[in-house]
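Protein chains: 2
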Amino acid sequence: MREPVPLRNIVIEARELFREYGYEGTSMRDLAGRVGLRPQSLYTRIASKEALVSEVLALTLKETLEGLPDPVRNWRAAWRTLIERVAETLEIRGRCVGLHLAYGVTSATPDAQKAVRVFFKSLREAMTRILQVGKITSPAAIAADTLAQLEGATLWIATEGDNRPLKRAVRRALKLADPVPRRPKKSEPLP
Amino acid sequence: MREPVPLRNIVIEARELFREYGYEGTSMRDLAGRVGLRPQSLYTRIASKEALVSEVLALTLKETLEGLPDPVRNWRAAWRTLIERVAETLEIRGRCVGLHLAYGVTSATPDAQKAVRVFFKSLREAMTRILQVGKITSPAAIAADTLAQLEGATLWIATEGDNRPLKRAVRRALKLADPVPRRPKKSEPLP
DNA sequence: GTCTATATTGAGATAGAC
DNA sequence: GTCTATCTCAATATAGAC
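Protein chains in written order, with our numbering: chain P, 1 to 191; chain E, 192 to 382.
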C-alpha cells in the first residue's frame, strides 16, 4: 500500500510545466514523471489535461489574493503586498504561468481559455478595488496597465535573464501608492 | 509542372502559426496545408521546424526596421515610425510572435532560442540608438521598458480583446519624443 | 520541387487486473 | 488509487519515384 499522491502536488507540478513549456509543450507523461505516477494514473485524479489549467490558475489566484491586508483599512499596504507577491513569483520563476497560458490556449480548449480570462480578470479587479479605495484616477485602467507592465517585463528575464525592467515596473507600480511624491531625480528612468 | 511555392510564403505562414499557436502548438502539417504542400515537401525548403524560427524573426525584424527615417536627421520621426510599426502589428494580430516564441522555445531548440534573443536585442538596440540621438536619459532602460510595455499590453488583447492598454502604452511611448510637454490632464491614466 | 510511402516516436486517453 | 496493456492519432522527418 502506497500513499496516494495529493492532488495539490499534481497541480503544483503542472503549474511548473505550464509556466516553463506552455500548454502544448507540457505532456501528461512529464507531469506523471514529476509526481511519481504512470501517465495513465493521472486520469483517476483529473479529467483531462485541459482541466488542469483551471486548477493551476485557481490555486495561483488563491495564493496571490489570500490574506491580503484589508484595502478599506489600509489600501497602500494592500497594494504593496499584492504587487510584491506578483513580482516575487515573476522574478523567482522568470515568467508568468498565466501569460504563457494566455498566449498558449486556443479555442480548441475553451474551458482552459475561459479559466485564463477569469484569472486575469479577477486579478485586475482585485487591483482595481484597492486603487478605488485610494481614490486613484482611472483605477481600472491603471490596474490593467500595471499588470501589463509587470507581465511585459518578463520578456527580458526570459530572453536575456535581465530582471531590471521588472524591478523598474515594480517601482512604478509602488509609486502609485507612494504617500510622499518625490522630486524626480535626473538619472531616473521612466518616471 | 506547377509553380514552386516561394520560400517567403512558407515563412509568412509559419509566422502566423507561431504567433497564434506558439512553437509547440505549430505543426508542419498545418503549415504545409496553408501553403498547399504535403508536409514532407517542406523539408526540401527548410531544414527543420526549428530553422523556421530564425527565418520568421529575421523577416519580422527586417520589416520593422527597413526604411526607417534616419535618426540623426530626425530622431522623433524615427521613434514615432518605429513605435507605430510595432504597435500596428500587435493591434492587428492581437499578439506578438516574438513574445510567443520567447516564452515557447526552450533549451531543446537552442538555435531557436538564440534567434529570439537576437530578435529582441536588435529591436531594443535600434530603439536605444534613436533615443540616444534624442539625448533621452537612460536610453537603454527606456527602450527595454517601452518594448516591455507594448508587449505586456497584448495580454489584454489576448484575454479580453481589449486593446486600450496597448493604445495607452503607445501614447506613453510617443510622449517620450513629444517636443511640447503638455500639462497633464486630470483624466489621464499612467502619466 | 513535389509527390507517395514509410519510419519512428510520443501524444492524450481508456479498459481492466490488483 | 495505481498498475499493465493497449488504442488511436498526430508529430517530425527520411527514402525514393517522377
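Beta carbons: idealized from backbone N, C-alpha and C, even for Gly.
- If the five residues before and after P:L59 are omitted, its C-beta is found closer than 6 Å to the C-beta atoms of V11, all from its own chain and listed in chain order.
- Along the stretch 6-40 of chain P, going in chain order, the ones with a CB nearer than 8 Å to a CB of chain E are E20, Y21, G22, Y23, E24 and G25.
- If you draw a 10 Å sphere on the C-beta of E:K240, you find 16 or more other C-beta atoms in it, and that means buried.
- Here the alpha carbon of P:P165 sits roughly 24 Å from the alpha carbon of P:E63.
- Within the same chain, Cβ atoms closer than 8 Å to the Cβ of P:A51 are found at D111, the five residues on either side in sequence being excluded.
- Using a Cβ-Cβ cut-off of 8 Å, P:T109 is close to nothing in chain E; its nearest Cβ partner there is about 11 Å away.
- The three-state secondary structure of E:V277, taken from DSSP, is helix.
- Taking the CA atoms as reference points, P:I46 sits about 28 Å from P:I92.
- Considering only E:D369, E:V371, E:P370 and E:R362, the residue with the shortest C-alpha distance to E:E275 is E:R362.
- When DSSP states are grouped into helix, strand and coil, P:R124 belongs to the helix group.
- Note on E:L322: 16 or more other CB atoms within 10 angstroms of its CB, so buried under the neighbour-count rule.
- Residue burial is scored here from C-beta neighbours: E:L256 has fewer than 16 other C-beta atoms within 10 angstroms and is therefore classed as exposed.
- A straight line joining the alpha-carbon of P:A126 with that of P:Y103 spans about 22 Å.
- Beta-carbon to beta-carbon, P:L99 and P:T154 are separated by about 7 Å, close enough to satisfy the 8 Å threshold.
- Within the stretch 28-111 of chain P, the runs of alpha helix (DSSP H) that reach at least 4 residues and sit entirely inside it are, in chain order, 28-35, 49-65, 75-93 and 97-104.
- Residues of chain P with a Cβ closer than 7 Å to the Cβ of E:L243 do not exist, since the nearest Cβ in that chain sits about 16 Å away.
- By the CB criterion at 8 Å, P:Q149 and E:A339 fall inside the cutoff.
- One alpha carbon belongs to E:P330, the other to E:V371, and they sit about 19 Å apart.
- Taking 8 Å as the CB threshold, E:E279 stays off the interface with chain P.
- For the stretch 283-311 of chain E, the residues whose beta carbon sits under 8 Å from a beta carbon of chain P are, in order, R286, L290, H291, A293, Y294, G295, T297, V307, R308 and F311.
- If you draw a straight line from the Cα of P:D145 to the Cα of E:K312, it is about 24 Å long.
- A residue is called buried when at least 16 other Cβ atoms come within 10 angstroms of its Cβ; P:E13 meets this threshold and is buried.
- E:E204: member of the alpha helix (DSSP H) spanning L198 to G216, first to last residue.
- Cβ contact annotation for P:A78 (same chain, cutoff 6 Å, sequence separation greater than five): L68, P69, P71 and I130, in chain order.
- Taking a C-beta cut-off of 9 Å against chain P, the contacting residues of the stretch 332-344 of chain E are A332, I333, A335, D336, T337, L338, A339, Q340, L341, E342, G343 and A344, listed in chain order.
- In this structure, E:T350 sits away from P:V35, with a CB-CB distance that is not shorter than 8 Å.
- Using a CB distance cut-off of 8 Å, E:P370 does not count as an interface residue toward chain P.
- When DSSP states are grouped into helix, strand and coil, P:T154 belongs to the helix group.
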